[in-house]
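Here the structure comes first, spelled out in structure tokens, and everything after it is commentary.
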Amino acid sequence: MYTGLQHDRIKRNVREAVREAKQYAAEVFHRDERYIYPLDSGLDDIETIMEHVNFVVDNTFLYTRGGILKQQKIGLPMGTNSAPEIANLTCYVDERDEMNQLISAGKIDEAKKHADNFRHIDDILGWNIKPPSPERYGLQWEETTRPDGSVVYLGAVVKKYILMAALIFQSLIRQQNGPFLY
Numbered sequence: 163m164y165t166g167l168q169h170d171r172i173k174r175n176v177r178e179a180v181r182e183a184k185q186y187a188a189e190v191f192h193r194d195e196r197y198i199y200p201l202d203s204g205l206d207d208i209e210t211i212m213e214h215v216n217f218v219v220d221n222t223f224l225y226t227r228g229g230i231l232k233q234q235k236i237g238l239p240m241g242t243n244s245a246p247e248i249a250n251l252t253c254y255v256d257e258r259d260e261m262n263q264l265i266s267a268g269k270i271d272e273a274k275k276h277a278d279n280f281r282h283i284d285d286i287l288g289w290n291i292k293p294p295s296p297e298r299y300g301l302q303w304e305e306t307t308r309p310d311g312s313v314v315y316l317g318a319v320v321k322k323y324i325l326m327a328a329l330i331f332q333s334l335i336r337q338q339n340g341p342f343l344y
């Protein structure tokens, strides 16, 4: 699905995520005397980071067997090393905004229901809670809950068990290629 992320959304959200991370690092550094050096001292400034992100987003090309060269205008190439992290940062900002909106509307209990959600790149695992809307994400999602209450997540069938007030997930089978190993 992260091949469906719009380029302008990627750039806007990654910029915001990096800005927020740098701000957080500065706040922690200033309030925690144990740190000698700023937490982001080894990181480039936002503009330099965004130059790199923009290069990856804007410079993906496909060369066909017929000799045609095309530029990718939507999404990120799934085989690129940086694509998972860029997709995570892109989705993070939309999720953060969704939680902030719920909290601002006084729906704190609703926001707390998302505390046990898991996301890997663009795959979300949540229990009895919907992810942010396709309008917020700019992506379509589909329900993968099975009749027995298990869900398909990253190709594995997963069931939820509650034991000692903690969520424990057990992978049962891999959908296509045999057992799922972890």
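In this note's numbering, the protein residues as written are 163 to 344.
Ideal Cβ placement from N, Cα and C applies to all residues, glycine included.
Please read all numbers here as calculations on a predicted model, not as lab measurements.
Close beta carbons around tyrosine 254, own chain, < 6 Å, minus the five adjacent residues each side = Closer than 6 Å at the Cβ level, and outside the excluded window around tyrosine 254, lie Ala179.
Just the Cα atoms here: how many angstroms apart are asparagine 290 and asparagine 221?
-> 40 Å
Would you mind reading off the limits of the alpha helix (DSSP H) that contains aspartate 259?
-> 245-266
Give the single residue among Ala273, Glu272 and Leu287 whose Cα lies nearest to the Cα of isoleucine 279.
-> With the sequence shown as reference, residue 279 is identified as asparagine, and isoleucine is not the correct amino acid for it. Out of Ala273, Glu272 and Leu287, Leu287 has the C-alpha closest to the C-alpha of asparagine 279.
Close beta carbons around isoleucine 270, own chain, < 8 Å, minus the five adjacent residues each side = Leu264
Based on Cα-Cα distance, which residue from Arg193, Arg196, His276 and Val320 lies nearest to lysine 292?
-> His276
With distances taken Cα to Cα, identify the nearest neighbour of alanine 183 among Ile283, Arg281 and Ile211.
-> Ile211
State yes or no: is the C-beta of proline 294 within less than 8 Å of the C-beta of glutamate 257?
-> yes
Please state whether DSSP places threonine 210 in a helix, a strand or coil.
-> Reduced to three states, the DSSP call for threonine 210 is helix.
Starting from the Cα of proline 239, find the closest Cα among Trp303, Glu305, Asp259 and Val218 and give me that residue.
-> Val218
Collapsed DSSP secondary structure at threonine 242 in the structure displayed = coil
Which class does lysine 232 belong to by DSSP, given the choice of helix, strand or coil?
-> Strand at lysine 232.
What do you get for aspartate 284, buried or exposed, if any count of 16 or more other CB atoms within 10 angstroms of its CB means buried?
-> buried
Please report the residue range of the alpha helix (DSSP H) in which isoleucine 286 lies.
-> Premise fails: isoleucine 286 lies in the beta strand (DSSP E), 285-287, not in any alpha helix (DSSP H).
Measuring CB to CB, does glutamine 168 end up less than 8 Å from isoleucine 236?
-> yes
Taking all protein chains shown into account, do 16 or more other C-beta atoms lie within 10 angstroms of the C-beta of tyrosine 299, making it buried, or fewer, making it exposed?
-> buried
Output the distance between the C-alpha atoms of phenylalanine 223 and isoleucine 230, rounded to the nearest integer angstrom.
-> Linking phenylalanine 223 to isoleucine 230 through their CA atoms gives a straight-line distance of about 10 Å.
State buried or exposed for threonine 252, treating a residue as buried only when at least 16 other CB atoms are found within 10 Å of its CB.
-> buried
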